[in-house]
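So for the sequence shown, our numbering puts the first residue at 1002; every next one is plus one.
Note that the Cβ used here is the ideal one computed from N, Cα and C, for glycine as well.
Keep in mind the model is a prediction, meaning the values are calculated, not measured.
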Amino acid sequence: MPTNIQIDRLLDACVKMGGSDLHIVTGRPPVLRIHGRLRSLETKVLEPDDTSALMKSITPDKNQQELQESGTTDFGFAFGEACRFRTSVFRQRSQISMVLRLIPNELLTFEQLGLPKICAALCRRPRGLFLVTGPTGSGKSTTLASMIDYINVNLDVHIITVEEPIEFFHYHKKSIVNQREVGIDVTSFAEALRRSLRQDPDVILVGELRDLETIESAITAAETGHLVFGTLHTTGCQGTINRIIDAFPVNQQEQIRVQLSTNMIAVLSQTLCPLKKGKGRVAAFEFMVVTPAIANLIRENKVYRVESSIQTGKKFGMQLLDDHLWELYDAEKITKEEMLDKARIPASLLEKANKKEIAAGDGKDEDYGPVIG
1002 MPTNIQIDRL LDACVKMGGS DLHIVTGRPP VLRIHGRLRS LETKVLEPDD
1052 TSALMKSITP DKNQQELQES GTTDFGFAFG EACRFRTSVF RQRSQISMVL
1102 RLIPNELLTF EQLGLPKICA ALCRRPRGLF LVTGPTGSGK STTLASMIDY
1152 INVNLDVHII TVEEPIEFFH YHKKSIVNQR EVGIDVTSFA EALRRSLRQD
1202 PDVILVGELR DLETIESAIT AAETGHLVFG TLHTTGCQGT INRIIDAFPV
1252 NQQEQIRVQL STNMIAVLSQ TLCPLKKGKG RVAAFEFMVV TPAIANLIRE
1302 NKVYRVESSI QTGKKFGMQL LDDHLWELYD AEKITKEEML DKARIPASLL
1352 EKANKKEIAA GDGKDEDYGP VIG
């Protein structure tokens, strides 16, 4: 069977079986991640020649050269009209491995994602920094694509996205959308951000705030009158603020606190949980809107009090991650184990869950192992 047919069949299986990722590694059959869990396909165990041939069948020459030079390369490609795949190719034990992330062409609405209703109003703000955070694979790209599409449909503005690689394709609707890919259209995130300020943008999406220079450029862009969206691999709103401040030298941190307090408008931190019944996953969110009270806490270096302000800010749509996880568990959308795995303070939720079970008359002495919180 020709290799290009084989890769097409693997990609087709990923689409049809509802996979989010396809793993290709020597010594195992191809593996799909479906609803957060890995499942091997019923095909042959891949040999080194198989993984190398599969890689060559989809990897552009430029990326094959980068793989030879640096041991890894990333790129994206379209798979028919169904979706795109964001691909990472790397060497391990001198052999080729690949992970292909499925990026659906269909963009979801805020309602489908379960985003707080105030997100729509925040996306209409003329300036400020809106961060979407969470671990890898938590749905950040999907959430940001939804926000960019909302702006594209409803507002007549100029949107610039800077990504590595480009994931969701956005077409001109009411807005103009220019999408720049790091490594192809521009050399780095920081360079793209600097240049973008001369390109008459209204909205800027930064795929990843990965270094000090990029973070600094994003804050400057927000400060100079642009709406800036960005991502960080942090958990929780409080941790996100600390991560940004700690990225700067100590002698600049006071100035950065002032800049964040006046320019940051919201932080949305998320994680994905497999559904208890049926197929699919649901997002659990921690959400913070920067009110004057929270702005004061940031400016006065009292970030440790942010979580209590989120708890009292429900009228603004704010919520803590553990509160949302409890809501999902209480509505029987996720299991107790999943809630505890993703919780920030699992001991507190375990106590609530045990009380609920006892009240319902089905409390059991179940051992979930040590819960640290």
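{"Query": "Length of the line joining the Cα atoms of H1173 and I1149", "Result": "11 Å"}
{"Query": "Collapsed DSSP secondary structure at H1234 in the structure displayed", "Result": "coil"}
{"Query": "Element boundaries [alpha helix (DSSP H), containing K1329]", "Result": "According to the sequence as given, residue 1329 is Leu; it is not Lys. Per DSSP, L1329 belongs to the alpha helix (DSSP H) from 1322-1331."}
{"Query": "Residues bridged to F1249 (per DSSP)", "Result": "F1249 is not bridged to any residue."}
{"Query": "Contacting residues, own chain, Cβ-Cβ under 7 Å from I1299 (five flanking each side not counted)", "Result": "I1242, R1258, L1261, S1262"}
{"Query": "Backbone CA spacing between E1067 and T1143 [nearest angstrom]", "Result": "28 Å"}
{"Query": "I1059 in three-state terms, based on DSSP", "Result": "helix"}
{"Query": "Rounded distance between the beta-carbons of S1189 and I1161, thought under 8 Å", "Result": "About 15 Å; that fails the 8 Å criterion."}
{"Query": "DSSP beta-bridge partners of E1217", "Result": "Answer is none; E1217 lacks a bridge partner."}
{"Query": "Inter-residue CB distance, G1129 and A1223 (contact presumed, cutoff 8 Å)", "Result": "6 Å"}
{"Query": "Assumed close pair I1119, V1290 - CB separation to whole angstroms, cut-off 8 Å", "Result": "6 Å"}
{"Query": "Proximity to I1104 [Cα-Cα], best of Q1069, S1098, K1063, I1167", "Result": "I1167"}
{"Query": "Collapsed DSSP secondary structure at R1010 in the structure displayed", "Result": "helix"}
{"Query": "Best match in K1045, V1251, L1194, K1303 for proximity to V1229 [C-alpha to C-alpha]", "Result": "L1194"}
{"Query": "Spatial distance of I1346 from G1081 (CA atoms)", "Result": "44 Å"}
{"Query": "Beta-carbon proximity check, I1246 vs Q1239, cutoff 8 Å", "Result": "no"}
{"Query": "Three-state class that DSSP yields for G1020 in the structure shown", "Result": "strand"}
{"Query": "Terminal residues of the beta strand (DSSP E) in which Q1093 lies", "Result": "1084-1093"}
{"Query": "Beta strand (DSSP E) segment containing D1203, residue limits", "Result": "Counting along the chain, D1203 falls outside any beta strand (DSSP E), and DSSP gives it neither H nor E."}
{"Query": "4-residue-minimum alpha helix (DSSP H) runs that sit fully inside the stretch 1135-1169, ordered along the chain", "Result": "1141-1155"}
{"Query": "Span of the alpha helix (DSSP H) around S1349", "Result": "1347-1361"}
{"Query": "Backbone secondary structure at I1308 - three-state DSSP", "Result": "Just to set this straight, residue 1308 is Glu in the shown sequence, not Ile. It is helical."}
{"Query": "Length of the line joining the Cα atoms of G1281 and E1182", "Result": "30 Å"}
{"Query": "Secondary structure, alpha helix (DSSP H): runs of 4+ residues fully inside the stretch 1091-1121", "Result": "1111-1114"}
{"Query": "Span of the beta strand (DSSP E) around N1179", "Result": "1177-1182"}
{"Query": "Beta-carbon spacing of G1072, R1085 below 8 Å", "Result": "no"}
{"Query": "Whole-angstrom distance between D1331 and P1293, CA atom to CA atom", "Result": "33 Å"}
{"Query": "Distance, M1056 Cα to M1018 Cα", "Result": "22 Å"}
{"Query": "Beta-carbon proximity list for A1146, same chain, < 6 Å, skipping 5 on both sides", "Result": "L1108, F1169"}
{"Query": "Outcome for D1050 when other beta-carbon atoms lying within 10 angstroms are tallied against a minimum of 16", "Result": "exposed"}
{"Query": "Endpoints, beta strand (DSSP E) assigned at S1041", "Result": "1038-1041"}
{"Query": "C-alpha distance - R1010 paired with L1116, whole-angstrom precision", "Result": "35 Å"}
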